[in-house]
């Protein structure tokens, strides 16, 4: 939650990276860090880090750097780390099971709490601690568990139908792992992860530039 603060999308994507690394520093009993040290660790240039932090006011002091515990507390509130977010997984195929095995809740405030599939061999089983329900129960379980975020890993052919059902169940955000561009109302946020496209982009940069291009332009 950004409290109506409008920040660039690229900055928003970097905030969880900052938060994770700051926690690593705290585990190592390091209580102060400079933008240069952060830059070397997470491979984002120090000017970008300072610009990202500037959107939220004076988070550091010139000549001192940043207070690690204070930064962690700040980003914890910004990223709603005090609040556990339950997420639904629709599609328990190879990719879906890999996501279940990844087990988000061990690393963040996100937990897949319900999974859905049409395979009778999967329905009413528990995978990586997550119950798998029939697609017939989709709307009911989402509403009963008050789930507002869903991950879709179903075959491309049926993804829009699944999306329409999620929208009717008042889902607010969708992480889409299919190549299909989804049609949703304006009040539903979709983040698409096209693994094939990402790999092709990586190959292009490797073949044409051969250097780190991880930095995303604002």
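Numbering (the UniProt record's numbering), first residue to last: 1 to 218.
Positions of the beta carbon are idealized from the N, C-alpha and C atoms, including for glycine.
Since the model is a prediction, treat every value here as computed from it, not as a measurement.
Sixteen is the threshold: since fewer than 16 other Cβ atoms of the shown chains lie within 10 Å of the Cβ of residue 209, the residue is exposed. When DSSP reads this structure, residue 86 sits in a beta bridge with 111.
Secondary structure at residue 181: coil, using DSSP grouped into helix, strand and coil. A contact between stretches requires three or more CB pairs, one per stretch, nearer than 8 angstroms, and the stretch 163–172 meets this requirement with the stretch 146–154. Counting C-beta atoms within 10 angstroms of its own C-beta, residue 120 has fewer than 16 neighbours from the protein chains shown and is therefore classed as exposed.
In the DSSP assignment, residue 123 falls outside any alpha helix (DSSP H), carrying neither H nor E. In the same chain as residue 32, and ignoring 5 residues on each side of it, the C-beta atoms closer than 8 angstroms to its own belong to 64, 65, 66, 67, 68, in chain order. Taking 3 residues as the minimum length, the beta strand (DSSP E) runs contained wholly in the stretch 135–188 are 149–152, 173–176, in order along the chain. By the beta-carbon neighbour count (other beta carbons within 10 angstroms, threshold 16), residue 24 is exposed.
When rounded, the separation of the alpha-carbon atoms in residue 197 and residue 91 is 21 angstroms.
Between residue 22 and residue 102 a beta carbon distance of about 22 angstroms is seen, past the 8 angstroms cut, so the two are scored as non-contacting.
The beta-carbon separation of residue 165 and residue 138, rounded to 6 angstroms, stays under the 8 angstroms limit for a contact. Looking at the backbone, the Cα of residue 11 and that of residue 55 are separated by about 9 angstroms.
With at least 16 other beta carbons inside 10 angstroms of its own, residue 176 counts as buried. Taking a contact as a CB-CB distance under 8 angstroms, the pair residue 115 and residue 89 counts as one, their CB atoms being some 4 angstroms apart. Between residue 109 and residue 80, the gap from beta carbon to beta carbon is short of 8 angstroms. Residue range 94–102 is occupied by the alpha helix (DSSP H) that includes residue 96. If you ignore the 5 residues before and after residue 190, its C-beta comes within less than 7 angstroms of the C-beta of 174, 176, 182, 184, all in its own chain and listed in chain order.
CA-to-CA, the gap between residue 136 and residue 118 works out to about 8 angstroms. In this structure residue 143 is exposed. Its beta-carbon is surrounded by fewer than 16 other beta-carbon atoms within 10 angstroms.
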